[in-house]
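K.L.:
One structure is given below, represented as structure tokens, and several questions about it will come after.
Residue numbers (this note's numbering): 188 to 1069.
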């Protein structure tokens, strides 16, 4: 029976379960006895009686076997129960002298040092520290959680030579959490820190939340303990009491001196809500969120750095009281993300903490005669610092995400002025941590935070934060990190009475990609740009002139992809451009408000170049689409004239493809151009309807990358974006003219083939022109003309071939858009011109020339592209090579 472990409790529970099963089987057998042992004959004939007797004999045999099985089952259960009892008696008999010997062994150290030689420390009472573990072996006791406001949680007990530290206790209301106990000197993990207490006291300002307790560090070998989370801040008193600050997250413990990972930092506490119902002045501001705790450092030889804690969310501002002129309180700022831990010689850096989101601003008091101001939204918290990879080898830590900005509060009153609260700005994403000195992947950049929306009443929106930069790989090998995406811009607030609208917030720029290692590795992808925010709508104002709709925010630009390693690797893809925001609509009885133009799409990033010897170039990013225009002003008053609808935004250009490797590799694809935004409908008027908005032009596509110096095909050029459709003319006594459509963008050129072998890339197709808007309906039957269709974009040329290879075919020219239909017999809009086809690429030493692309359909149609020149073989017909 050597190396056999027996647990009496489990054996006893198994015997009980088996007894229950036996009882259920016996009951089922008894219920089946009568119908199976005395089977009735189906008839009075001899055969039926013989069959019934046969089945009855089988039933009787089954009952005899069931009786024997039940007896065996009962005997087995009794044996198992007796064995469990025997093991329990033997265990108790053995434990008694061992415990006596252990007590005798622990007595000297307990008397001299107050801790045993072997054994776990006792858990602490509420608010009291846990006992220390045994000097040789034993875990520290857990600290007690405080039940009294303002009293800190008990610290966790330290371990001895081998053992884990005890966890810290939670703090009372507004008090700090207890620190985690230290891990064993030789082996053991540090204890987790206790959570800070949430503040419950309401005041001027609200009480501060308790900080999280620090995590315990390990000894030589073990992981650090996690930091405790910070407590939330208290609420501000009614009127103008500011909310309390959120408690900071606890610092994590470090990994073992030689081996072990650092602990994770605690989360910052949320800020308290500002006091509302202010009668005059300003309502209470929201409290700022607590900062995230730092991650622990990894072991000196092996160990990764710990991740940092996220910052806490800012508290919301208080609102002004009804029928007062009190201003809404500002939202609290988000807490900063914590700093991540670094690795030792070998290990990955910790991820940085994300910034906390900003709190929303409070609404202003409602006053019909005197418009009140809404509170500004809080700013997003700053992202933490990422940890570095090991000194020799390891991946860099990821950058933290920037906190999103809070929304602005609404202006109060039925006649809102330009008093809406501004949206908070999104914080930039954090930069990634450094990779190992010799090898390792670069860390990814953090995403930028979104901008907050402006409050109703011309509140300015927040701008989206830029994406964080990725880090490059280690010196010798590794992939570059991806850049962080830019944050979206905030939407602008509803327009104030008789005031101009506000432009939507711009999207953040994508983060820079990391380059690969010097010898081997792929380049990182560039970060995508953030989308632009929408412009605000103008507010209805009886017969008074209304404001114009706000412009849509511009989309953020995408970042360039990272370069590959010197010898081997692919280039990183370029980031996509962000979409432009839609323009705001104009409203109003006067009918003379202009619709807002849509925001332009962001330019895409170019693809990264491939490795010096081998690799494919990165693809270019796609351009962002243009935002749609906003509708024009509403129905006119006496003699009112409808105004022009907003123009659609221009699509962003696509990024160029990266170059292939010097010896081998294809060029990267060119990125697609973004589509233009559609124009909006013109406004209605009594005398004349407004003109429809023009559609935005499509973005040009990116050119493709060239193939490698010796071998490789050129990349295909990107497809251009299509033009936006024109808006419809407005309704009126005389209908408005339809808007002209946008033109299609130009296609990208194909990349050249390698110097020795390789085909040229295909040229990109030109963008399709948009359709013109229809003329507006006239109540007096006056004819109105439709908008002109957009011209198709020119196609890209095919790439030139290598010394031996075929030239690329030219792209197809973009087709034109149709003109808009006229109303009441009015002329339709003109059809746009077709785009020219791309020229075919030439062969150089030996190869077929590329075919020219067809011209696009239109009036006039586009010109077909010329065929590329081929190089003849001796005795070969020229037609074979052109």
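Backbone N, C-alpha and C define an ideal beta-carbon position, used for all residues, glycine too. Quick caveat: nothing in here was measured; it's all calculated off a predicted structure.
Buried or exposed for residue 207, going by 16 or more other Cβ atoms inside 10 Å?
P.N.:
Looking at its Cβ environment, which holds fewer than 16 other Cβ atoms inside 10 Å, residue 207 is exposed.
K.L.:
Mind checking whether residue 368 and residue 403 have CB atoms under 8 angstroms apart?
P.N.:
In this structure, residue 403 lies closer than 8 angstroms to residue 368 by Cβ.
K.L.:
Using 10 angstroms around the beta-carbon of residue 241, count the other beta-carbons present and answer buried if the total reaches 16, otherwise exposed.
P.N.:
Exposed, since its Cβ has fewer than 16 Cβ neighbours within 10 Å.
K.L.:
Starting from the C-beta of residue 188, find all residues in its chain whose C-beta is less than 6 angstroms away, skip the five residues before and the five after it, and write them out in chain order.
P.N.:
Residue placement at residue 188 is poorly supported in this model, since its pLDDT is 41, which falls under 50; the coordinates are not used for a value here.
K.L.:
Do residue 392 and residue 431 have their C-beta atoms within less than 8 angstroms of each other?
P.N.:
Their beta carbons are under 8 angstroms apart, which means residue 392 touches residue 431 by this criterion.
K.L.:
Measure the C-alpha to C-alpha separation of residue 658 and residue 326 and round it to an integer number of angstroms.
P.N.:
Between residue 658 and residue 326, the C-alpha separation is close to 41 angstroms.
K.L.:
Looking only at its own chain, which residues have a Cβ that is under 6 angstroms from the Cβ of residue 372, when we skip the five neighbours before and after it?
P.N.:
Once the five neighbours on either side are set aside, the close Cβ partners of residue 372 are 348 and 406.
K.L.:
Given a cut-off of 8 angstroms, decide if residue 199 and residue 271 are closer than it, judged by their beta-carbon atoms.
P.N.:
Result yes, Cβ atoms of residue 271 and residue 199 sit closer than 8 angstroms.
K.L.:
Nearest-angstrom Cα distance between residue 379 and residue 469?
P.N.:
The alpha-carbon atoms of residue 379 and residue 469 are separated by roughly 42 angstroms.
K.L.:
Kindly indicate which residue of 1022, 1014 and 1050 has the alpha-carbon position closest to the one of residue 955.
P.N.:
Here the closest residue by C-alpha is 1022.
K.L.:
Can you list, in chain order, the residues of its chain whose CB lies under 6 angstroms from that of residue 591, leaving out five sequence neighbours each side?
P.N.:
Around residue 591: 544, 567, 613, 636 and 637.
K.L.:
Within 10 angstroms of its Cβ, does residue 859 collect 16 or more other Cβ (buried), or is it exposed?
P.N.:
The residue in question, residue 859, is buried, as its Cβ has 16 or more Cβ neighbours within 10 Å.
K.L.:
Quick check on this structure: which residue in 663, 640, 650 and 699 has the alpha carbon closest to the alpha carbon of residue 669?
P.N.:
It is 699 whose Cα lies nearest to the Cα of residue 669.
K.L.:
Our contact map puts residue 496 next to residue 452 with C-beta atoms below 8 angstroms; I'd like the distance itself, whole angstroms only.
P.N.:
That belief holds up - the Cβ atoms of residue 496 and residue 452 are roughly 4 angstroms apart, short of 8 angstroms.
K.L.:
Does residue 1086 come out as helix, strand or coil in the three-state DSSP assignment?
P.N.:
Lying before the first or after the last residue shown, residue 1086 is absent from the chain, which here runs from 188 to 1069.
K.L.:
Can you tell me whether residue 279 is buried or exposed, with buried defined as 16 or more other CB within 10 angstroms of its CB?
P.N.:
So residue 279 ends up on the exposed side.
K.L.:
For the region 294-319, which segments carrying the beta strand (DSSP E) assignment without a break, of at least 3 residues, lie completely within its bounds, in sequence order?
P.N.:
Entirely contained in the region 294-319, not one beta strand (DSSP E) run reaches 3 residues.
K.L.:
For residue 335 and residue 476, I'd like the C-alpha separation in whole angstroms.
P.N.:
Roughly 24 angstroms between the two C-alpha positions.
K.L.:
For residue 231, is the classification buried or exposed, using 16 other Cβ atoms within 10 angstroms of its Cβ as the cut-off for buried?
P.N.:
Classification for residue 231: exposed.
K.L.:
Using 10 angstroms around the beta-carbon of residue 906, count the other beta-carbons present and answer buried if the total reaches 16, otherwise exposed.
P.N.:
Buried: at least 16 other Cβ atoms inside 10 Å.
K.L.:
Expressed to the nearest angstrom, what Euclidean distance is found between the alpha-carbon atoms of residue 713 and residue 667?
P.N.:
Cα to Cα, residue 713 sits roughly 10 angstroms from residue 667.
K.L.:
Quick one: Cα of residue 609 to Cα of residue 473, how far?
P.N.:
Approximately 15 angstroms, taken between the alpha carbons.
K.L.:
Between the Cα of residue 218 and the Cα atoms of 671, 246 and 459, which residue gives the shortest distance?
P.N.:
Ranking 671, 246 and 459 by Cα distance to residue 218 puts 246 first.
K.L.:
Please identify the residue among 530, 524 and 536 whose C-alpha is closest to the C-alpha of residue 542.
P.N.:
If we check each option's Cα against that of residue 542, 524 comes out closest.
K.L.:
Straight-line CA distance for residue 255 to residue 374?
P.N.:
So the two alpha carbons sit approximately 56 angstroms from each other.
K.L.:
Measure the beta-carbon distance from residue 1034 to residue 1052 and round it to whole angstroms, keeping in mind my assumption that it falls under 8 angstroms.
P.N.:
18 angstroms between Cβ atoms; not a contact.
K.L.:
With distances taken from CA atoms, which of 527, 274, 318 and 363 is nearest residue 435?
P.N.:
Among 527, 274, 318 and 363, the Cα nearest to that of residue 435 is on 363.
K.L.:
Could you tell me the alpha carbon to alpha carbon distance between residue 201 and residue 215, rounded to whole angstroms?
P.N.:
Near 21 angstroms, if we compare the C-alpha coordinates of residue 215 and residue 201.
K.L.:
Quick one: what's got a C-beta closer than 8 angstroms to residue 263's C-beta in the same chain, skipping five residues either side?
P.N.:
The residues are 205.
K.L.:
Determine whether the beta carbon atoms of residue 455 and residue 501 lie at a separation below 8 angstroms.
P.N.:
No.
K.L.:
With DSSP as the reference, label residue 200 as helix, strand or coil.
P.N.:
Looking at residue 200 - three-state DSSP - the assignment turns out to be helix.
K.L.:
Spell out the partners DSSP gives residue 514 in its beta bridges.
P.N.:
DSSP output for residue 514 lists 469 as bridge partner(s).
K.L.:
Given that a residue counts as buried once 16 or more other Cβ atoms are within 10 Å of its Cβ, and exposed if not, what is residue 290?
P.N.:
Residue 290 comes out exposed.
K.L.:
Alpha carbon to alpha carbon, how far is residue 671 from residue 517? Give it in angstroms, no decimals.
P.N.:
Cα to Cα, residue 517 sits roughly 29 angstroms from residue 671.
K.L.:
When you compare each of 487, 480 and 411 to residue 580 by their alpha carbons, which one comes out closest?
P.N.:
Answer by Cα proximity: 487.
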